[in-house]
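Enquirer: Provided herewith is a single structure, encoded as structure tokens, for subsequent inquiry.
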RNA sequence: CCGGAGAUGGCGGAGUGGUCAAUCGCAUCUGACUGUAAAUCAGACGCCCUUAGGGCUUCGGAGGUUCAAAUCCUUCUCUCCGGA
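In the working numbering, the protein residues as written are 170 to 540.
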């Protein structure tokens with residue numbers, strides 16, 4: 170189903186597509202090191218402008234030789250702009266009302282220092298350039314899926330405006346980096362189309378899907394599904410020419426990624442494998458876990474490692490996996506470590522889930538492309 | 001043997017006449033998590049009925065007082081702490 174195997178060239182190596190990039194939002198893939206990440210088969214990572222700027226400072230990183238040197242990560246790095254973070258913080262349950270989005274950009278407040286600053290399309294690009302990112306992302310304007318038509322229209326309008334400003338700033342900087350824009354419009358087909366067509370007129374390297382996961386009430390196929398809006402992902406993919414690089418931001422569960430790869434998406438990132446690992450929600454090959462999931466003939470299981478049913482289980486988490494956790498330790502022992510909240514459990518399980526995602530991408534590559 | 005304290009649901013541990021099927025923690029079970037403010041959060045957790053709700057049996061055993069007892073009284077069993 171994949172027409173031609175795409176490759177994304179960066180200064181820190183080529184990215185073979187499709188690819189999954191783990192999130193190192195704060196400059197770290199939570200609970201593991203970048204050396205661990207390499208052992209999981211991770212080839213490229215995502216880190217976030219806002220968090221790095223707030224916690225370290227892009228000028229400081231620039232002075233210290235750039236983010237690759239600072240992280241000791243010599244492979245490609247994609248930076249997210251920070252727009253999503255401000256958006257999600259404004260709309261989080263706790264509601265951090267001090268953050269605000271206006272025509273100028275996003276005002277954000279560091280919850281630790283209470284310092285307020287303005288993130289604009291221009292300075293977001295500048296920060297990402299300072300970091301030495303390989304792939305930059307425009308400051309975009311996400312919106313809730315249950316927003317009004319008026320809000321959606323204004324959001325898309327602003328999103329395009331910011332994309333143009335970001336691109337202008339990007340071109341002023343003399344470098345060989347790549348820039349991605351973000352197609353928005355919530356779950357509104359017409360506005361997604363409008364957003365895509367406006368952005369396609371501009372000279373971006375990558376076209377991103379501004380992902381908003383479904384909440385209850387929004388559906389695709391099953392009434393209670395809470396993943397991504399598959400029909401929208403297919404629709405938006407079809408709006409983008411085949412030769413362009415397509416990045417589905419925030420996607421997703423393995424089956425969501427499988428679906429998206431089939432529909433032409435190339436790049437993915439999500440917090441799920443790392444966060445779920447910390448919560449004892451483990452991805453394993455079919456027949457090894459508690460709940461069977463998958464997409465078409467590509468199946469896998471989910472294992473709840475904290476369950477008592479693994480108390481005496483001396484088997485590895487996944488007998489087909491060669492990661493550090495599965496090569497050395499039993500389900501029983503890892504469960505024991507996790508129940509004690511030992512950091513080694515978080516590390517081992519994160520390594521396992523990321524290895525699973527790497528293998529899943531390989532599987533998609535061979536299985537879907539051979540169709 | 002004497003004196004003192006106590007026995008509560010899988011465990012720990014509140015409650016000391018009615019609003020108690022019994023706070024809370026742990027354990028257990030289920031669910032959530034998707035461009036990370038998340039090693040987090042939500043629900044269930046005596047038994048039965050399909051939810052709202054209703055019914056039934058519980059607070060060491062037996063008996064009693066009372067309209068009403070995990071809570072008061074008597075007694076038995078057991079545990080712990082002092083003293084011989």
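From the three backbone atoms N, C-alpha and C, an ideal C-beta is built for every residue, glycine too.
Identify, in the order they occur along the chain, each residue of the same chain with its Cβ nearer than 7 Å to the Cβ of residue 241, setting aside the five sequence neighbours on each side.
Expert: 203, listed in sequence order.
Enquirer: Which of helix, strand or coil does DSSP assign to residue 176?
Expert: If DSSP states are grouped into helix, strand and coil, residue 176 belongs with the strands.
Enquirer: Quick check: residue 445 and residue 418, are their CB atoms within less than 7 Å of each other?
Expert: For residue 445 and residue 418, no; Cβs fall outside 7 Å.
Enquirer: Could you tell me the alpha carbon to alpha carbon distance between residue 258 and residue 437, rounded to whole angstroms?
Expert: Going from the Cα of residue 258 to the Cα of residue 437 covers about 22 Å.
Enquirer: Once DSSP output is grouped into helix, strand and coil, what is the label at residue 186?
Expert: Looking at residue 186 - three-state DSSP - the assignment turns out to be coil, as it is neither helix nor strand.
Enquirer: Which runs of the alpha helix (DSSP H), 4 residues or longer, sit entirely within the stretch 314-381?
Expert: The qualifying runs are 318-341 and 358-369.
Enquirer: Using DSSP with H/G/I as helix, E/B as strand and the rest coil, what is residue 264?
Expert: Summary for residue 264: the model assigns pLDDT 46, below 50, so the residue's position carries little reliability, and this model does not support an answer.
Enquirer: DSSP on residue 450, reduced to helix/strand/coil?
Expert: DSSP places residue 450 in strand when its eight states are reduced to three.
Enquirer: Pick out whichever of 235, 462 and 318 has its Cα sitting closest to the Cα of residue 300.
Expert: Checking every option, the nearest Cα to that of residue 300 belongs to 235.
Enquirer: For residue 317, collect the residues of the same chain with a Cβ closer than 7 Å to its Cβ; drop the 5 residues on either side in sequence, then sort them by chain order.
Expert: Taken in chain order, the list of residues that qualify is empty.
Enquirer: Thinking just about the alpha-carbon of each residue, which of 521, 353 and 358 is nearest to the one in residue 326?
Expert: Nearest option by C-alpha distance: 353.
Enquirer: I'd like to confirm the pairing. Which residues does DSSP put opposite residue 275 in its beta bridges?
Expert: Paired residues: 270 and 288.
Enquirer: For residue 182, I'd like the list of residues in its chain whose CB is within less than 7 Å of its CB, leaving aside the five on either flank, ordered along the chain.
Expert: Contacts found: 244 and 245.
Enquirer: Given residue 442, which residues of its chain have a CB within under 8 Å of its CB, disregarding the five upstream and five downstream residues?
Expert: Excluding positions up to five away in sequence, the list reads 191, 452, 519, 522, 523, 525 and 526.
Enquirer: Specify the secondary structure class of residue 193 as computed by DSSP and reduced to three states.
Expert: In the structure shown, residue 193 sits in coil (DSSP, three-state: anything other than H, G, I, E or B).
Enquirer: Going straight from the alpha carbon of residue 249 to that of residue 370, what length do you get?
Expert: Approximately 22 Å, taken between the alpha carbons.
Enquirer: Let me know the secondary structure DSSP gives residue 389 once reduced to three states.
Expert: For residue 389, the predicted model reports a pLDDT of 49, less than 50, meaning its position is unreliable; a value from the coordinates is still stated below. Here residue 389 sits in strand by DSSP.
Enquirer: Considering Cα atoms alone, identify which of 279, 484, 535 and 288 is closest to residue 474.
Expert: It is 484 whose Cα lies nearest to the Cα of residue 474.
Enquirer: Would you list, in sequence order, the uninterrupted alpha helix (DSSP H) runs of no fewer than 4 residues that lie entirely inside the stretch 213-237?
Expert: As far as the stretch 213-237 is concerned, its whole alpha helix (DSSP H) runs of at least 4 residues are 218-224 and 227-232.
Enquirer: Taking the C-alpha atoms as reference points, what is the distance between residue 388 and residue 400?
Expert: Note that residue 388 has pLDDT 48, beneath the 50 cutoff, so the model's placement of it is unreliable and the number below is only indicative. Each residue's alpha carbon lies about 10 Å from the other.
Enquirer: Nearest-angstrom Cα distance between residue 284 and residue 237?
Expert: Each residue's Cα considered, the two are about 27 Å apart.
Enquirer: Please tell me whether residue 424 and residue 464 are closer than 7 Å, where the distance is taken between their beta carbons.
Expert: Yes, the Cβ-Cβ distance between residue 424 and residue 464 is below 7 Å.
Enquirer: Contact check, residue 303 vs residue 179 under 8 Å by CB: the rounded distance?
Expert: Going by Cβ atoms, the distance from residue 303 to residue 179 rounds to 4 Å, so yes, they are a contact pair.
Enquirer: With H, G and I counted as helix, E and B as strand and the rest as coil, what does DSSP make of residue 524?
Expert: Residue 524: helix per DSSP, three-state reduction.
Enquirer: Can you give the Cα-Cα distance for residue 308 and residue 493, rounded to whole angstroms?
Expert: Those two C-alpha atoms are separated by around 38 Å.
Enquirer: Rounded to a whole number of angstroms, what is the C-alpha to C-alpha distance between residue 498 and residue 198?
Expert: Residue 498 and residue 198: Cα-Cα distance of roughly 22 Å.
Enquirer: Of all the options 333, 482 and 471, which has the alpha carbon lying nearest to the alpha carbon of residue 364?
Expert: Measuring from the Cα of residue 364, the nearest candidate turns out to be 333.
Enquirer: Residue range of the beta strand (DSSP E) that residue 461 falls in?
Expert: Looking at the DSSP string, the run of the beta strand (DSSP E) that includes residue 461 is 460-464.
Enquirer: Quick one: residues in its chain with C-beta nearer than 7 Å to the C-beta of residue 362, no 5 flanking neighbours on either side, listed in chain order?
Expert: Taken in chain order, the residues that qualify are 408.
Enquirer: Figure out for me which residue from 466, 216 and 480 has the closest Cα to the Cα of residue 536.
Expert: With distances taken between Cα atoms, residue 536 lies closest to 466.
Enquirer: Do residue 478 and residue 469 have their C-beta atoms closer together than 7 Å?
Expert: No, the pair does not count as a contact, with Cβ atoms beyond the cut-off.
Enquirer: What's the C-alpha gap between residue 226 and residue 381?
Expert: Computed Cα separation, rounded: 28 Å.
Enquirer: Between 224, 343, 313 and 349, which has its C-alpha nearest residue 357's C-alpha?
Expert: Taking only the C-alpha atoms, the option nearest residue 357 is 313.
Enquirer: Going by C-alpha distance, which of 291, 194, 175 and 501 is nearest residue 220?
Expert: When each option's Cα is compared against that of residue 220, the closest is 194.
Enquirer: Quick check: the Cα distance between residue 215 and residue 293, rounded to an integer number of angstroms?
Expert: Near 15 Å, if we compare the C-alpha coordinates of residue 293 and residue 215.
Enquirer: For residue 472, list the residues DSSP reports as bridge partners.
Expert: For residue 472, which the question treats as bridged, DSSP gives the partners 451.
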